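Residue numbers (our numbering): 87 to 327. Glycine included, each C-beta is placed from N, C-alpha and C at the ideal position. Owing to the predicted nature of the structure, the values given are computational and were not obtained by experimental measurement. Structure first, then comments.
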């Protein structure tokens with residue numbers, strides 16, 4: 087497992103002074119980036135061989151609220167690779183190793199010249215190694231929407247949304263979806279403690295995102311669509327007592 091330590095900043099918390107959900111996503115993205123760079127298979131290496139790891143889906147389970155100024159450890163490891171896919175777990179823990187967040191993710195190895203997926207090779211497997219996957223409930227990566235959703239105000243893709251791949255960064259889709267829950271990150275009074283994201287295609291600078299919200303008693307599913315109604319990503323926010 088690769089890990090790093092940090093202290094929760096004031097700039098990362100919500101109205102209740104708890105680590106907010108987009109910041110949880112940022113920590114996990116940063117952790118996987120740090121690991122790749124430390125192993126010599128980071129951005130520069132991937133650019134040279136015209137490859138990129140593209141996130142396909144998240145499942146993030148929040149086990150405990152994380153307050154401002156809390157010292158935390160963020161960790162990640164690969165646990166499997168099949169075909170074009172790489173499977174990766176994440177954890178956030180206290181300094182005493184009490185679990186605060188568990189997460190699962192699925193990544194696709196992409197050829198940046200052809201735009202098509204490439205089969206994961208022995209080189210990638212050996213670079214990251216493999217460890218046992220974390221003990222958590224593993225849900226399907228696909229997010230279904232039922233009924234008629236409510237179309238929201240369009241979101242123009244700005245320059246500050248774009249990452250090193252020239253696409254809207256993964257965390258922004260989660261940030262956009264948070265607009266449709268309370269400031270305390272609750273749904274009908276229930277605290278959000280599970281986030282699922284399915285990425286379908288990449289939005290780029292100049293695109294327009296049309297959010298469509300599907301509501302339930304304890305969940306919100308937001309489909310981030312293009313102008314033709316096809317999703318860039320689907321974000322599901324789930325709250326439980």
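- If you look at residue 181, you'll find it isn't in any beta strand (DSSP E); DSSP assigns it neither H nor E.
- Here DSSP, grouped into helix, strand and coil, assigns residue 271 to coil.
- Residue environment for residue 188: buried (at least 16 other C-beta atoms within 10 angstroms of its C-beta).
- Counting C-beta pairs with one atom in each stretch, the stretch 220 to 232 and the stretch 102 to 117 have fewer than three that are closer than 8 angstroms, which means they do not touch.
- In the three-state reduction of the DSSP assignment, residue 170 falls in the coil class, being assigned neither a helical nor a strand state.
- By the Cβ-count criterion, residue 269 is exposed, with fewer than 16 other Cβ atoms from all chains shown falling within 10 Å of its own Cβ.
- By the neighbour-count definition (other C-beta atoms within 10 Å, threshold 16), residue 126 is an exposed residue.
- Per DSSP, reduced to three states, the secondary structure at residue 192 is strand.
- Using a Cβ distance threshold of 8 angstroms, residue 191 and residue 285 do not count as a contacting pair.
- Membership of residue 326 in any beta strand (DSSP E) is not indicated, and neither H nor E is assigned to it by DSSP.
- The beta carbon of residue 272 sits closer than 7 angstroms to those of 278, 325, all from its chain and outside the five residues before and after it, given in chain order.
- In the three-state reduction of the DSSP assignment, residue 114 falls in the helix class, which pools H, G and I.
- Contact annotation: the stretch 198 to 214 does not touch the stretch 256 to 264, with fewer than three C-beta pairs closer than 8 angstroms.
- The three-state secondary structure of residue 265, taken from DSSP, is helix.
- In terms of Cβ geometry, residue 276 and residue 162 do not form a close pair [threshold 8 angstroms].
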